[in-house]
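Peer 1: Take this note's numbering: the last position of the sequence shown gets the number 317, and nothing is skipped along the way. One structure is given below, represented as structure tokens, and several questions about it will come after.
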Amino acid sequence: MIAHVSKAFFQTLAASRGLKHLASRYGMRRPDSFARRFIAGETVEEAIAAALTLELSGLTQTLDMLGESVATMSEADAATRGYLALMDQIVAASIGRNISLKLTQLGLTVDRATCVDNLRRVLDRAAAGDFMVRIDMENSPYTQVTLEIFDTMWQQGYRNAGVVLQSYLPRSLPDAVRLIELGARIRLVKGAYNEPTGIAYQDKRDVDSAFVEIMKLLVAGANYPAIATHDPAMIAATREFAARRGIPPARYEYQMLYGVRRDLQARLVAEGYRVRVYVPFGREWFPYFMRRLGERPANVGFVLRGILRER
Ligand SMILES: Cc1cc2nc3c(=O)[nH]c(=O)nc-3n(C[C@H](O)[C@H](O)[C@H](O)COP(=O)(O)OP(=O)(O)OC[C@H]3O[C@@H](n4cnc5c(N)ncnc54)[C@H](O)[C@@H]3O)c2cc1C
Numbered sequence: 007m008i009a010h011v012s013k014a015f016f017q018t019l020a021a022s023r024g025l026k027h028l029a030s031r032y033g034m035r036r037p038d039s040f041a042r043r044f045i046a047g048e049t050v051e052e053a054i055a056a057a058l059t060l061e062l063s064g065l066t067q068t069l070d071m072l073g074e075s076v077a078t079m080s081e082a083d084a085a086t087r088g089y090l091a092l093m094d095q096i097v098a099a100s101i102g103r104n105i106s107l108k109l110t111q112l113g114l115t116v117d118r119a120t121c122v123d124n125l126r127r128v129l130d131r132a133a134a135g136d137f138m139v140r141i142d143m144e145n146s147p148y149t150q151v152t153l154e155i156f157d158t159m160w161q162q163g164y165r166n167a168g169v170v171l172q173s174y175l176p177r178s179l180p181d182a183v184r185l186i187e188l189g190a191r192i193r194l195v196k197g198a199y200n201e202p203t204g205i206a207y208q209d210k211r212d213v214d215s216a217f218v219e220i221m222k223l224l225v226a227g228a229n230y231p232a233i234a235t236h237d238p239a240m241i242a243a244t245r246e247f248a249a250r251r252g253i254p255p256a257r258y259e260y261q262m263l264y265g266v267r268r269d270l271q272a273r274l275v276a277e278g279y280r281v282r283v284y285v286p287f288g289r290e291w292f293p294y295f296m297r298r299l300g301e302r303p304a305n306v307g308f309v310l311r312g313i314l315r316e317r
């Protein structure tokens, strides 16, 4: 219940222009500004520097150029070109070739066909450079269309794209069964958005038990699944299930967000598990940042201390 209220609360705040203006002014301006805890920086150079640091400590990474729900074709085109340029810079920097993107960033809410064209441009460049492209899952109005677009790409032979399933949606279990059969690469998460009753489980226990159920299907039978969580109970359930089935750690990976549970990330690597860190960067960091606050209201104290220190 508390988690639900706080997600709704932070979603409302995320729509506030005044707050966005204030946060944008203070959040990133110094190396120790508060938003830098969760966002690698506003430029590609800063993101690549963060990725290099992670790789030096044995982690892998996926870079996410922030931006979502663009309102015009030209913004969608700019985001697409941004991703094409990002891939060139990743190649030049010789870091791991893995990116994450959102379909609303490529124009899904403007025009579906244009969005598909933009995605194809990214996937073609990605295939040429041996990149993995993860299509993030957004809120529930986009679940079906995101999976349909993924299916279209799959039917057209693109194998370098993967999808995300959210355990708070009851539909994710049948979606997982179907996508596993296809051989698709799946990232499992709990789900970050404020969703209504009837569409998503509201009780954390239901979300967690669905997570474990889908995790078992993925670890037992999916193509290199990603178990994306910071929840020690979910991580323990995964390692125990894999060990019981004799599935080695190289057959799946854990994923965590930049700046969240860095202690756990390091510990898992030390124990021989694969851990990929999701590294967001870019000027449009505010909605992403607000979702992170909604997941853990204690983060607000950390932000307020940062703001007070900076003013
Ligand atoms: C790599 C990755 C990719 C993701 N992609 C998507 C996506 O495409 N679509 C989507 O809807 N969601 C995505 N998410 C977010 C996800 O849905 C959850 O909202 C988020 O991971 C928090 O859930 P949890 O599994 O960590 O468990 P929770 O039960 O929320 O948290 C467990 C513990 O983790 C720690 N923790 C969790 N969140 C935070 C935080 N923000 N700050 C500090 N500590 C925290 C706390 O210690 C908490 O007690 C992604 C998450 C990861 C790790």
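Just so it is clear, CB atoms sit at the ideal spot from N, CA and C, and this is done for glycine as well.
Is the stretch 132-151 close to the stretch 95-106, with three or more CB pairs under 8 angstroms?
Peer 2: The stretch 132-151, when compared against the stretch 95-106, does touch it at the 8 angstroms Cβ threshold.
Peer 1: Determine the closest residue to residue 142 out of 101, 310, 164, 284, with distance taken between C-alpha atoms.
Peer 2: As a working mapping, residue 142 is identified with position 136 in the sequence shown. The option with the nearest alpha carbon to residue 142 is 284.
Peer 1: Pick helix, strand or coil for residue 106, following the three-state DSSP scheme.
Peer 2: Here residue 106 corresponds to residue number 100 of the sequence shown, with the count starting at 1. Reduced to three states, the DSSP call for residue 106 is strand.
Peer 1: According to the neighbour-count rule (16 or more other Cβ atoms, all chains shown, within 10 Å of its Cβ), is residue 214 buried or exposed?
Peer 2: Stepping through the sequence shown from its first residue, residue 214 is reached at position 208. When all chains shown are included, residue 214 counts as buried.
Peer 1: In terms of residues, what are the limits of the beta strand (DSSP E) holding residue 148?
Peer 2: Numbered from its first residue, the sequence shown carries residue 148 at position 142. Careful: residue 148 lies outside any beta strand (DSSP E) and carries neither H nor E.
Peer 1: Can you tell me whether residue 233 is helix, strand or coil according to DSSP?
Peer 2: Within the sequence shown, the letter at position 227 stands for residue 233. DSSP places residue 233 in strand when its eight states are reduced to three.
Peer 1: Can you confirm whether the stretch 205-224 touches the stretch 175-182 when touching is taken to mean that 3 or more C-beta pairs between the two stretches lie within less than 8 angstroms?
Peer 2: They touch, by the three-pair rule.
Peer 1: Counting pairs of beta carbons, one from the stretch 112-132 and one from the stretch 80-89, are three or more of them closer than 8 angstroms?
Peer 2: With the cut-off at 8 angstroms, the stretch 112-132 and the stretch 80-89 touch.
Peer 1: Under the three-state reduction of DSSP, which class applies to residue 269: helix, strand or coil?
Peer 2: For this step, residue 269 is matched to residue 263 along the sequence shown. If DSSP states are grouped into helix, strand and coil, residue 269 belongs with the helices.
Peer 1: How is the beta strand (DSSP E) around residue 170 delimited, first residue to last?
Peer 2: Here residue 170 is taken as the residue at index 164 of the sequence shown, counted from 1. Residues 167-172.
Peer 1: Between the stretch 156-167 and the stretch 58-70, are three or more C-beta pairs nearer than 8 angstroms?
Peer 2: Too few Cβ pairs lie closer than 8 angstroms, so no.
Peer 1: Taking the alpha carbon of residue 196 as the point to measure from, which residue in 264, 145, 36 has its own alpha carbon closest?
Peer 2: Taking the sequence shown and counting its residues from 1, one reaches residue 196 at position 190. Checked all of 264, 145, 36; the closest Cα to residue 196 is 145.
Peer 1: Looking only at its own chain, which residues have a Cβ that is under 6 angstroms from the Cβ of residue 8, when we skip the five neighbours before and after it?
Peer 2: By one-based count along the sequence shown, residue 8 stands at place 2. Unreliable placement is indicated for residue 8, whose pLDDT of 49 sits below 50; the coordinate value is still reported in the next sentence. No residues qualify anywhere along the chain.
Peer 1: Is residue 5 helix, strand or coil by DSSP?
Peer 2: Since the first residue shown for the chain is 7 and the last is 317, residue 5 is missing from the structure and cannot be characterised.
Peer 1: Give a yes or no on whether the C-beta atoms belonging to residue 287 and residue 45 are separated by under 8 angstroms.
Peer 2: Here residue 287 is taken as the residue at index 281 of the sequence shown, counted from 1. Here residue 45 is taken as the residue at index 39 of the sequence shown, counted from 1. In this structure, residue 45 lies closer than 8 angstroms to residue 287 by Cβ.
Peer 1: Between residue 24 and the rest of its own chain, which residues show a CB-CB distance below 6 angstroms, the 5 nearest in sequence each way excluded?
Peer 2: Stepping through the sequence shown from its first residue, residue 24 is reached at position 18. Here the set comprises nothing.
Peer 1: Mind reading off the beta-carbon distance from residue 171 to residue 234? Whole number of angstroms is fine, and I expect it under 8 angstroms.
Peer 2: Your numbering for residue 171 matches position 165 in the sequence shown. Your numbering for residue 234 matches position 228 in the sequence shown. Not quite, the Cβ-Cβ distance comes to about 10 angstroms (not below 8 angstroms), so this is no contact.
Peer 1: Could you have a look at residue 7 and say whether DSSP puts it in helix, strand or coil?
Peer 2: Taking the first residue of the sequence shown as position 1, residue 7 is located at position 1. Low per-residue confidence applies at residue 7: pLDDT is 47, beneath 50, and the placement is therefore not dependable, though the value from the model is reported in the following sentence. Correct three-state label for residue 7: coil.
Peer 1: DSSP state of residue 260, grouped into three classes?
Peer 2: The residue given as residue 260 occupies position 254 in the sequence shown. Note: residue 260 maps to strand in three-state DSSP.
Peer 1: With distance defined between alpha-carbon atoms, name the residue in 41, 121, 152, 261 nearest to residue 308.
Peer 2: Looking up residue 308 in the sequence shown gives position 302. Comparing Cα positions, the closest option is 41.
Peer 1: Using the rule of at least 16 other Cβ atoms within 10 Å of the residue's Cβ for burial, across every protein chain shown, is residue 33 buried or exposed?
Peer 2: In the sequence shown, residue 33 corresponds to position 27, counting from 1. By the neighbour-count rule (16 or more Cβ atoms within 10 Å), residue 33 is buried.
Peer 1: Would you mind sorting residue 306 into buried or exposed? The rule is 16 or more other CB atoms within 10 Å of its CB.
Peer 2: For the purposes of this step, residue 306 is taken as residue 300 along the sequence shown, with counting starting at 1. Looking at its Cβ environment, which holds fewer than 16 other Cβ atoms inside 10 Å, residue 306 is exposed.
Peer 1: Can you list, in chain order, the residues of its chain with a C-beta nearer than 6 angstroms to that of residue 263? Leave out the 5 residues immediately preceding and following it.
Peer 2: As a first step, residue 263 must be located in the sequence shown, where it is residue number 257. Hits under 6 angstroms: 284.
Peer 1: Measuring CA to CA, which of 182, 192, 300 is closest to residue 14?
Peer 2: One-based indexing of the sequence shown puts residue 14 at position 8. It is 300 whose Cα lies nearest to the Cα of residue 14.
Peer 1: Between the alpha carbons of residue 128 and residue 51, how many angstroms are there, rounded?
Peer 2: Locating residue 128 in the sequence shown gives position 122, counting from the first residue. Locating residue 51 in the sequence shown gives position 45, counting from the first residue. Approximately 20 angstroms between the Cα atoms of the pair.
Peer 1: Assuming residue 56 contacts residue 47 under a Cβ cut-off of 8 angstroms, what Cβ separation, rounded to an integer in Å, is found between them?
Peer 2: The sequence position of residue 56 within the sequence shown is 50, counting from 1. The sequence position of residue 47 within the sequence shown is 41, counting from 1. Yes, they are in contact, since the Cβ atoms of residue 56 and residue 47 sit about 7 angstroms apart, within 8 angstroms.
Peer 1: Ends of the alpha helix (DSSP H) at residue 59?
Peer 2: Reading the sequence shown from its first residue, position 53 is the one you call residue 59. Counting along the chain, the alpha helix (DSSP H) containing residue 59 begins and ends at 50-62.
Peer 1: For residue 229, tell me which candidate among 259, 200, 252, 242 has the shortest Cα-Cα distance.
Peer 2: Residue 229 sits at position 223 when you count from the first residue of the sequence shown. The candidate whose alpha carbon is nearest that of residue 229 is 259.
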